[in-house]
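Residue numbers (the numbering used here): 59 to 363. Note that beta-carbon positions come from the ideal geometry of N, C-alpha and C, so glycine has one too. All of these numbers come straight from a predicted model, not from anything done at the bench.
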């Protein structure tokens with residue numbers, strides 16, 4: 059068991075501030091999760107009542123926040139060893155570990171129950187699966203054991219669009235499946251680009267990220283090998299007739315620079331993290347890319363409807 063232990067009565071912790079509880083939800087990650095979930099809901103071929111739509115997105119946000127909180131509870135020992143995470147509430151000692159645990163479990167239970175009662179059981183089941191996937195499969199099982207942790211764990215971040223679609227329609231169709239595949243494949247170049255220039259943090263924490271255990275060259279090659287099918291999955295909805303021309307043009311225009319940046323990373327020989335400009339550009343663009351592609355999907359649905 060690697061999680062930070064529950065505190066004893068003799069252990070003194072300050073009263074956690076609301077900002078610490080917010081930090082547990084990983085707000086930066088949450089913004090992308092909420093956006094892709096919203097896009098999945100808006101792209102669905104039905105009209106959902108605004109109150110129900112808001113409730114669905116709220117549940118997605120709460121579920122993702124719960125997963126983030128439970129991840130930080132379990133990984134507090136790792137976070138304390140990495141510069142970019144050492145100031146989080148638990149490793150910084152601003153919160154009792156059991157507070158984070160109870161907060162995460164409570165949010166997870168509430169989000170799933172509310173989704174099931176307000177929307178439908180399919181959306182609730184997928185939401186529950188996404189939380190368990192991130193917490194159990196990725197955080198507990200994979201992250202400390204395999205350099206492919208990010209690849210397999212990418213499935214957790216790929217669920218929101220499917221949840222949004224299911225909340226609106228009560229079913230899962232081909233388009234949300236393709237969106238799931240897109241985000242799943244996108245995760246590898248996105249996170250490995252980051253891992254390349256912060257690999258020393260992961261090495262210090264003992265996390266077997268690919269650059270740490272397989273080296274820079276292998277990581278650069280593998281991130282490109284994931285980019286190629288990702289590019290195909292981005293264009294597939296239009297090629298299969300599931301979207302209109304607006305999405306198709308936007309997907310191609312946005313994906314070409316991604317592939318170019320990924321190729322530049324694959325060809326790079328730089329070993330100094332401070333000088334890894336292609337990796338930093340790919341990481342930054344990958345975030346913009348996902349927002350833009352999903353935004354184009356919604357624009358295609360509403361402008362061409």
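- Annotated as distal: residue 263 and residue 153, with beta-carbon spacing of 7 Å or more.
- Here DSSP, grouped into helix, strand and coil, assigns residue 74 to coil.
- In the three-state reduction of the DSSP assignment, residue 329 falls in the coil class, being assigned neither a helical nor a strand state.
- Residue 299: not part of any alpha helix (DSSP H); DSSP gives it neither H nor E.
- Distance between residue 312 and residue 223, taken at the CA atoms: about 23 Å.
- Non-local beta-carbon contacts of residue 182 in its own chain, meaning distances under 6 Å to residues more than five positions away in sequence, involve 170, 173, 174 in chain order.
- Residue 160 counts as exposed, since fewer than 16 other C-beta atoms from the protein chains shown sit within 10 angstroms of its C-beta.
- A residue is called buried when at least 16 other Cβ atoms come within 10 angstroms of its Cβ; residue 310 does not meet this threshold and is exposed.
- When C-alpha distances from residue 358 are compared across 303, 314, 113, the shortest belongs to 303.
- In this structure, residue 321 and residue 281 do not form a Cβ contact; the two beta carbons are roughly 10 Å apart against a cut-off of 8 Å.
- Residue 295 sits away from residue 362, with the two beta carbons spaced by 7 Å or more.
- With respect to the 7 Å criterion, residue 165 and residue 124 are classified as neighbours on the basis of their beta carbons.
- One thing to note: residue 101 has its Cβ within 7 Å of the Cβ of residue 356.
- Residue 209 and residue 239 have their C-alpha atoms roughly 12 Å apart.
- Counting only runs of 4+ residues, the alpha helix (DSSP H) found wholly inside the stretch 172–206 occupies 179–190, in chain order.
- Distance from the CA atom of residue 188 to the CA atom of residue 99, rounded to whole angstroms, is 17 Å.
- It is roughly 10 Å from the alpha-carbon of residue 137 to the alpha-carbon of residue 260.
- In this structure, the straight-line span from the alpha carbon of residue 283 to that of residue 71 is close to 47 Å.
- Residue 201 and residue 323 have their alpha carbons spaced roughly 24 Å apart.
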